[in-house]
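>
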Amino acid sequence: MLIGGDGFFYLINNQALIKGCRDSIKPAITRLPPYDFFEGCNSSTEVPSFGSQAAGIVDSDPLRGTFNLNAQALGIVATVNAQAGVGIRYIPDFTGTLLIRTTIELSPPSFDLVYATGIRGLGQVGVAGLKSSVFISATPPVDSIQTQIFRSAITTPSGSISITHRYNPAEQFSFSRTANVVVGQQLRICSGIQSQATITGFPGGFTMSKILYSGAKVLKIELLPQ
Numbered sequence: 122m123l124i125g126g127d128g129f130f131y132l133i134n135n136q137a138l139i140k141g142c143r144d145s146i147k148p149a150i151t152r153l154p155p156y157d158f159f160e161g162c163n164s165s166t167e168v169p170s171f172g173s174q175a176a177g178i179v180d181s182d183p184l185r186g187t188f189n190l191n192a193q194a195l196g197i198v199a200t201v202n203a204q205a206g207v208g209i210r211y212i213p214d215f216t217g218t219l220l221i222r223t224t225i226e227l228s229p230p231s232f233d234l235v236y237a238t239g240i241r242g243l244g245q246v247g248v249a250g251l252k253s254s255v256f257i258s259a260t261p262p263v264d265s266i267q268t269q270i271f272r273s274a275i276t277t278p279s280g281s282i283s284i285t286h287r288y289n290p291a292e293q294f295s296f297s298r299t300a301n302v303v304v305g306q307q308l309r310i311c312s313g314i315q316s317q318a319t320i321t322g323f324p325g326g327f328t329m330s331k332i333l334y335s336g337a338k339v340l341k342i343e344l345l346p347q
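The sequence shown runs contiguously to residue 347 in the working numbering.
#1: Tell me, to the nearest whole angstrom, how far the beta carbon of residue 209 is from that of residue 310; I am working on the premise that it is less than 8 Å.
#2: To the nearest angstrom, how far is the alpha carbon of residue 344 from that of residue 267?
#3: Give me, in chain order, the residues of the same chain whose beta-carbon lies closer than 6 Å to that of residue 199; leave out the 5 immediate sequence neighbours on both sides.
#4: Exposed or buried, which one is residue 257 when buried takes at least 16 other CB atoms within 10 Å?
#5: Cutting at 8 Å between CB atoms, please list the residues of its own chain near residue 291, excluding the five before and the five after it.
#6: Work out the CA separation of residue 305 and residue 331 for me, nearest whole Å.
#7: How is residue 311 classed by DSSP in three states: helix, strand or coil?
#8: Determine the DSSP secondary structure at residue 149, reduced to helix, strand or coil.
#9: Once DSSP output is grouped into helix, strand and coil, what is the label at residue 238?
#10: If you draw a straight line from the C-alpha of residue 259 to the C-alpha of residue 182, how long is it?
#11: To the nearest angstrom, report how far apart residue 283 and residue 264 are at their CA atoms.
#12: Hey, how far is the Cα of residue 341 from the Cα of residue 296?
#13: Between residue 273 and residue 316, is the Cβ-Cβ spacing less than 8 Å?
#14: Which class does residue 222 belong to by DSSP, given the choice of helix, strand or coil?
Here is the structure:
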């Protein structure tokens, strides 16, 4: 690539000479803590039934970039969906495609587990499952969220009745997606973890799905104009 005195760059591609303006090259932006907000990044829904228990507790600290996600389903039939993270504001100076990339870290004492027992003479009858994903939302449009699973586990009648994963040593997970942006239109970007804990048990047995991500951290959010 040659830079001319006229403020343009000249890219020699085989036998062709391509001319373009240097101002069209948009720099990448890397955001580290502190971030801007957590409103709209966190949510939880609990659906217990038949005397079961379902609880989802989430909170975030955008100044440190940390969040806590605690979801538990216990009993016969229950489901918990929980989401926690932090967010940034971005006002693009171009119209086009933006690549958004994030990196999340889980460290001790974070863990997740599924556990199920059966009834004497019947074997294992409970099923407990969990699923966790890194998520990135970009608004507008409303509810524009994409995810990538990094952890899933389930008990089965013919398989394991107890599965526990501890994030010790710490583990990092990265995910990227694209979003369409319009010059001057603010984009609200959330990054974090979205989890689901679910159980289907049987009276007389014990079935539980538990997710505890304590002190999870959004290490960075990268913005790369395409």
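Virtual Cβ for every residue (Gly too), placed ideally from N, Cα, C.
Reading from the atomic positions:
#1: 5 Å
#2: If you draw a straight line from the Cα of residue 344 to the Cα of residue 267, it comes to about 16 Å.
#3: 169, 173, 175 and 320
#4: Under this definition residue 257 is a buried residue.
#5: Cβ-Cβ distances below 8 Å link residue 291 to 226, 227, 228 and 229 in the same chain, with the five nearest sequence neighbours on each side left out; the list follows chain order.
#6: 43 Å
#7: strand
#8: coil
#9: Assignment of residue 238 by DSSP, reduced to helix, strand and coil, places it in the coil class.
#10: Using only the alpha carbons, I get a separation of about 19 Å.
#11: The alpha-carbon separation between residue 283 and residue 264 amounts to approximately 35 Å.
#12: 11 Å
#13: Pairing residue 273 with residue 316 gives a Cβ-Cβ distance that is not under 8 Å.
#14: strand
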